[in-house]
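Following the working numbering, the numbering of the sequence shown begins with 19 at its first residue and continues without gaps. Just so it is clear, CB atoms sit at the ideal spot from N, CA and C, and this is done for glycine as well.
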Amino acid sequence: MKKLVNLLSLVVVLGLLLSACGTKATETLVSEPTEVATQAPTKVATEVATEVATEVATEAATEAVVEVPTATSEPVATLKIWADDTRTPILLAFAEDFKAKYNVEIVVEDLGRVQDIRTPMITAAPAGEGPDIFIGVHDWLGALVESGLVAPLDLGAKADEFVPMSLEAFTYTDGKLYGVPYATENLGFFYNTELVQTPPTTWAEVLEIGQALKDEGKVQFAFAMAGGGYENLPVLTAFGGYIFGRDANGAWNPNDVGLDSPGMIAGVTYLADAAKAGLIPTTADYETAHSLFETGQAPFLMAGPWALDRIRASGVPYKVTTFPDNGAPFSGVQGFMVNAFSKNVLLAQTFLTEYVATQEFMQQIYETGLRPSAFKSVLANTTDPDLLAMGQITNAIPMPNIPEMGSVWTAWNNGIALAVAGTQAPDAAMTDAANQVRALIQGALAGMVNLPGSYQDKVGCGGQWDPACEATAMVKGDDGLYRLTVNLPAGDYEYKVAMDGSWTVNYGSDGAQDGPNYKFSLTADGEVTFVYNPETHLVEITIK
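Shown next, in the form of structure tokens:
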């Protein structure tokens with residue numbers, strides 16, 4: 019059998035060969051992409067990973083491991099990992115053990131929240147300044163794979179140890195796996211056990227129970243909307259609604275947009291009718307929805323594991339169960355991915371296969387993350403009743419990981435909001451939403467410079483923060499600057515610059531992509547003119 023010593027020797031040699039034509043990594047992140055992003059390293063890294071990942075992962079998973087004495091020797095390699103503040107301590111605790119066994123040093127950098135890792139990864143990796151391994155969410159794959167930033171993986175026989183849905187989530191449309199999942203998260207159906215002894219099995223029953231409790235003066239609403247499409251997906255899918263269809267191979271099909279499908283319209287009609295009857299609020303508000311449930315003013319709530327701490331602290335008696343009518347929520351999956359530009363692609367994949375994909379590691383990740391585990395054995399031994407209940411919602415749908423999903427959110431949420439508020443009929447609202455998404459996907463809004471923000475509903479847009487609203491599209495002048503003039507009532511407002519009718523490329527008040535919101539205030543009604551400079555990505559405003 020091949021020894022790990024031989025594997026490490028291969029990795030070191032490969033690393034030297036790759037480093038001969040690469041850029042030396044540093045600990046400093048770059049602030050913007052470089053020309054390297056479109057050049058050969060993407061192809062090289064991907065081909066290397068594709069050709070040898072299967073052999074390395076399979077052999078390493080099945081053959082004996084030889085401990086390498088390291089007391090007097092220098093590490094044969096270093097792996098840099100970008101993690102969040104929850105996972106960093108766990109990785110650091112395992113680092114010494116890994117070094118002792120494999121003579122490989124692990125450097126873990128805490129980047130804060132999981133969502134704070136994506137942008138630095140996209141900008142730093144092509145310049146050779148990214149990590150070898152990074153934590154992320156499966157729906158990042160659209161941007162990462164299409165940009166050649168993430169290497170494919172092969173778990174070999176260990177794939178059988180993971181919850182199938184979690185592997186599906188990290189599998190892209192090319193059929194390749196790009197992440198080692200460690201946790202899943204999806205909504206669960208919460209019900210107040212003092213108000214409801216037996217949970218409803220249909221959405222019609224949800225309203226019947228809510229109406230009876232309201233008639234008795236015990237509650238204000240049957241359930242409270244905590245948001246738009248994501249939060250209400252279990253209702254919409256129960257009626258047959260969908261976002262994207264799938265092709266013959268089971269991959270997401272961006273040409274089949276389902277926002278105006280009969281099932282989606284039926285689900286939105288259910289919500290609109292419930293609002294008209296006073297059984298749900300006419301506006302979606304996360305804080306209000308949770309407060310209503312936590313104070314006993316709504317017997318039902320759709321919420322995820324991220325809300326467990328506050329719900330438990332409230333003292334409300336509750337249980338979590340599956341959704342009425344077999345409604346399906348979205349599932350988000352967190353996992354470890356490998357940077358395709360890494361000089362240690364093979365070693366990184368071996369680390370994930372041999373060290374991360376183990377009962378011991380996955381158990382510790384689970385114990386600190388308050389999320390259902392993606393590892394079968396850990397999930398099977400879960401004792402937390404809430405996490406166990408959410409983990410057993412087996413029909414959860416992995417959020418589409420294709421780039422086109424970014425074109426869906428604003429139009430989808432606004433369509434639901436307009437229908438529930440009674441501003442527009444459900445069929446008209448969702449037809450408009452679907453057409454807007456199709457236009458975005460087809461590139462009909464390419465070149466649009468927009469100013470989505472909290473002011474848009476005051477100037478003719480269907481809702482706020484809509485990067486595709488024609489009413490706030492800027493017009494390019496002969497001087498190359500873009501302008502927009504609107505009349506606004508007094509108040510405090512925020513906005514950003516968005517390109518091409520979507521949030522994929524946006525600029526904040528510092529001129530940086532994904533930067534902070536611009537803010538401005540009007541002490542009286544007035545005319546506001548925005549001027550955007552495409553060179554600096556900055557906006558100036560004048561108020562009359």
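Q: Please confirm if Asn431 has its CB atom under 7 Å from at least one CB of chain C.
A: Structure shown: chain C not included; a single protein chain is present.
Q) Under 7 Å between the Cβ atoms of Glu127 and Trp100? A) Cβ distance < 7 Å, so Glu127 and Trp100 count as in contact.
Q | Identity of the residue in Pro182, Pro507, Leu213 and Gly498 nearest Asp475 by Cα | A | Closest option to Asp475, Cα to Cα, is Pro507.
Q.
Since Val198 and Leu370 should fall inside the 8 Å C-beta cutoff, what is the C-beta to C-beta distance between them, to a whole number of angstroms?
A. Between the beta-carbon of Val198 and that of Leu370 there is about 5 Å, and that keeps the pair under the 8 Å contact cut.
**Q.** Residues near Thr428 in its chain [Cβ-Cβ closer than 7 Å; skip 5 each side]
**A.** Result list for Thr428: Trp483, Asp484, Pro485 and Ala486, in chain order.
Q) Straight-line CA distance for Leu326 to Ser425? A) The alpha-carbon atoms of Leu326 and Ser425 are separated by roughly 30 Å.
**Q.** Cβ pair count under 8 Å reaching 3, the stretch 170-185 against the stretch 382-397
**A.** Contact between the stretch 170-185 and the stretch 382-397 is present: three or more C-beta pairs spanning the two stretches fall below 8 Å.
Q | Which residues DSSP lists as bridging Trp521, in chain order | A | Trp521 is not bridged to any residue.
Q. Comparing alpha-carbon positions, which option in Asn453, Gly498, Val523 and Val168 lies nearest Val549?
A. It is Gly498.
Q) Roughly how many angstroms separate the alpha carbons of Asn257 and Pro342, rounded to a whole number? A) A quick correction: the sequence has Phe, not Asn, at residue 257. Straight-line Cα distance between these residues: approximately 11 Å.
Q: Since I believe Gly345 is in contact with Glu203 (beta carbons under 8 Å), could you give me their beta-carbon distance rounded to a whole number of angstroms?
A: That belief does not hold up - the Cβ atoms of Glu203 and Gly345 are roughly 17 Å apart, past 8 Å.
Q | Start and end residues, beta strand (DSSP E) containing Asp128 | A | Bounds of the beta strand (DSSP E) holding Asp128 are Val122 to Asp128.
(Q) DSSP three-state label for Phe239, please. (A) In this structure, DSSP gives Phe239 a state outside helix and strand, which the three-state scheme calls coil.
Q) Would Pro552 pass as a contact of Ala516 if the rule is Cβ separation under 7 Å? A) It is not a contact, given that the beta carbons lie outside the stated cut-off.
Q: Drop a sphere of 10 angstroms on the beta-carbon of Arg389, count the other beta-carbons inside from all chains shown, and report buried for 16 or more, exposed for fewer.
A: It is buried - the Cβ of Arg389 has at least 16 other Cβ atoms within 10 Å.
Q: Let me know if Ile383 comes out buried or exposed under the rule of 16 or more other beta-carbons within 10 Å of its beta-carbon.
A: Answer is buried; the Cβ neighbour count reaches 16.
Q | Three-state secondary structure assigned by DSSP to Asn204 | A | Looking at Asn204 - three-state DSSP - the assignment turns out to be strand.
Q: Report the residue from Met466, Met355, Val557 and Val374 whose alpha carbon sits nearest the alpha carbon of Ile151.
A: Selected option, being the one with the closest Cα: Met355.
Q: Could you check the C-alpha separation between Leu97 and Phe348 for me, to the nearest Å?
A: Distance between the alpha carbons of Leu97 and Phe348 is about 33 Å.
Q. I think Asn419 touches Ala187, with their Cβ atoms under 8 Å apart; what is that distance to the nearest whole Å?
A. About 7 Å; that satisfies the 8 Å criterion.
**Q.** Euclidean distance between Cα positions of Thr191 and Thr547
**A.** When only Cα atoms are considered, Thr191 and Thr547 end up about 44 Å apart.
Q | Touch test, the stretch 251-271 against the stretch 330-337, Cβ-Cβ under 8 Å, three pairs minimum | A | The answer is no - the stretch 330-337 does not touch the stretch 251-271, with fewer than three Cβ pairs under 8 Å.
Q | Enclosing alpha helix (DSSP H) for Glu249 [first to last residue] | A | Per DSSP, Glu249 belongs to the alpha helix (DSSP H) from Gly247 to Ala256.
Q: Just tell me which of Ala118, Pro107 and Ile108 has its CA closest to the CA of Glu92.
A: The option with the nearest alpha carbon to Glu92 is Ala118.
Q.
What would DSSP say about Thr547, mapped onto helix, strand or coil?
A. In this structure, Thr547 counts as strand in the three-state DSSP scheme.
**Q.** Sub-7 Å separation of Gly259 and Gly285 beta-carbons
**A.** A distance below 7 Å separates the beta carbons of Gly259 and Gly285.
Q.
Let's test the definition: count the other Cβ atoms within 10 Å of the Cβ of Val224 and tell me whether it reaches 16, buried, or not, exposed.
A. Burial is judged here by how many other beta carbons sit within 10 angstroms of a residue's own beta carbon; Val224 has at least 16 and is buried.
Q: Kindly indicate which three-state DSSP category Ile420 falls into: helix, strand or coil?
A: Ile420 falls in the coil class under three-state DSSP.
**Q.** Proximity below 7 Å, CB of Gly130 to CB of Asp172
**A.** The beta carbons of Gly130 and Asp172 sit no closer together than 7 Å.
(Q) Helix, strand or coil, according to DSSP, for Gly471 in the structure here? (A) In the structure shown, Gly471 sits in a strand (DSSP, three-state: E or B).
Q. With burial defined as no fewer than 16 other Cβ atoms inside 10 Å of the residue's Cβ, what is the status of Ser49: buried or exposed?
A. Model confidence at Ser49 stands at a pLDDT of 30, short of 50, so the residue's coordinates are unreliable; what they give is reported in the following sentence. When all chains shown are included, Ser49 counts as exposed.
(Q) Considering only the alpha carbon of each residue, which of Lys494, Thr401 and Ser279 lies closest to Gly465? (A) Out of Lys494, Thr401 and Ser279, Lys494 has the C-alpha closest to the C-alpha of Gly465.
Q | Best match in Phe318, Ala530, Lys537 and Ala113 for proximity to Thr137 [C-alpha to C-alpha] | A | Checking every option, the nearest Cα to that of Thr137 belongs to Ala530.
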